[in-house]
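Chemist: Mapping of the sequence shown onto this note's numbering: residues 1004 to 1240, in sequence order.
If you scroll down you'll find the structure; I have some questions about it.
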Amino acid sequence: AEEVGGGDKEVVREYFNNSGFQRWKKIYGETDDVNKVQQDIRLGHSKTVENVMAMLTDEGPLKGVTVCDAGCGTGSLAIPLAKEGAIVLASDISAAMVAEAKKQAEEQLLTDSEGVGPVMPKFEVKDLESLNGKYDTVVCLDVLIHYPQSKADGMIAHLASLAEKRLILSFAPKTFYYALLKRVGELFPGPSKATRAYLHAEADVERALQKVGWKIRKRGLTTTQFYFARLIEAVPA
Ligand code: SAM
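If you want it as structure tokens, here you go:
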């Protein structure tokens, strides 16, 4: 049987260790050297992170809550979570991404002298299929775009198996309009389109969750000009 992620996964790992790392570090950063499209994606992504923080803190304070941030990128979510006192495991398939996330966390999370400051997240280089253990909450933002629907079901089931209370996922929604946009994008691929992007129908994600006994409790949507993300919070049914 083909490994989850298959050959796509090696391409994704290679991309996010090289050109993809340079591109996304810039988008997720704060420097001015971004073009209009990158600026727009930066804004959309930061709104997704804000929405996730709101979803999480809605249910009560995060102090001492264990969170697994699967596919953590440069730490855009792991760091604010740690600032709220969550105990975070942040992992990513890309060693370059993990190194950057760790560097930023060390810069931003200076523990105070009484030792009551944020807990430094634990950072690990591993693909999310290799994650194990149990966490109150598992979060996986903007990673499903690298999974075709045939692999997405297994990925969602695995993440749900790690979560005790809730699972938060974001993905690019497959609606007619976005599917069309993507097709146009494929007809005119730009130089930075090194990996394939997969859109997902919300109904398919919902079905994958139902199969393993989970249901969607909250939904959110972030759209800017070039960034679209459906956000869902799932809980055991
Ligand atoms: N979640 C982060 C955020 O929202 O800021 C990063 C999103 S970025 C678009 C996608 C990330 O997923 C990259 O850092 C990439 O290396 C990671 N990734 C892709 N496939 C993965 C896999 N199978 N296991 C773990 N990480 C993966």
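Backbone N, C-alpha and C fix where the C-beta goes; we use that ideal spot for every residue, glycine too.
As the structure is a prediction and not an experimental result, all values here were calculated from the model.
#1: Suppose contacts are defined by Cβ-Cβ distances below 8 Å. Is Phe-1126 in contact with Ala-1093 by that definition?
#2: Taking Asp-1035 as part of the beta strand (DSSP E), name the residues at either end of that continuous run.
#3: How is the alpha helix (DSSP H) around Trp-1125 delimited, first residue to last?
#4: Please specify which runs of the beta strand (DSSP E), each continuous and at least 3 residues long, are wholly inside the segment 1068 to 1112, giving them in chain order.
#5: Using a 10 Å radius around the Cβ and a threshold of 16 neighbouring Cβ atoms, would you call Lys-1154 buried or exposed?
#6: Assuming contact is defined by CB atoms lying nearer than 8 Å, are Ala-1104 and Gly-1063 in contact in what I supplied?
#7: With a threshold of 6 Å on Cβ separation, who are the neighbours of Thr-1054 within its own chain once the five nearest residues in sequence on each side are excluded?
#8: Measuring only the C-alpha atoms, how far is Phe-1179 from Val-1208?
#9: Cys-1071: beta carbon under 7 Å from a heavy atom of the ligand SAM?
Modeler: Considering the structure as presented:
#1: Residue mapping note: residue 1126 aligns to position 123 of the sequence shown, counting from 1. Residue mapping note: residue 1093 aligns to position 90 of the sequence shown, counting from 1. Yes, Cβ-Cβ distance for Phe-1126 and Ala-1093 is below 8 Å.
#2: Taking the first residue of the sequence shown as 1, we reach residue 1035 at position 32. Unbroken run through Asp-1035: none, as it is neither H nor E.
#3: The residue you call residue 1125 lines up with position 122 of the sequence shown. Sequence inspection shows Lys at residue 1125; the Trp mentioned does not correspond to that position. Where Lys-1125 is concerned, there is no enclosing alpha helix (DSSP H), although the beta strand (DSSP E) it sits in stretches over 1125 to 1128.
#4: You should have 1069 to 1073 and 1090 to 1095.
#5: If you number the sequence shown from 1, residue 1154 lands on position 151. Answer is buried; the Cβ neighbour count reaches 16.
#6: Position 101 of the sequence shown, counting from 1, holds the residue named residue 1104. Position 60 of the sequence shown, counting from 1, holds the residue named residue 1063. No, they are not a contact pair.
#7: The residue you call residue 1054 lines up with position 51 of the sequence shown. It should be pointed out that residue 1054 corresponds to Asn in this sequence rather than to Thr. Correct list, in chain order: Gly-1223 and Leu-1234.
#8: Here the question's residue 1179 lines up with position 176 in the sequence shown. Here the question's residue 1208 lines up with position 205 in the sequence shown. As the crow flies, the alpha-carbon of Phe-1179 is around 17 Å from that of Val-1208.
#9: Walking along the sequence shown from the start, residue 1071 turns up at place 68. No, since every heavy atom of the ligand SAM falls outside the 7 Å radius drawn around the Cβ of Cys-1071.
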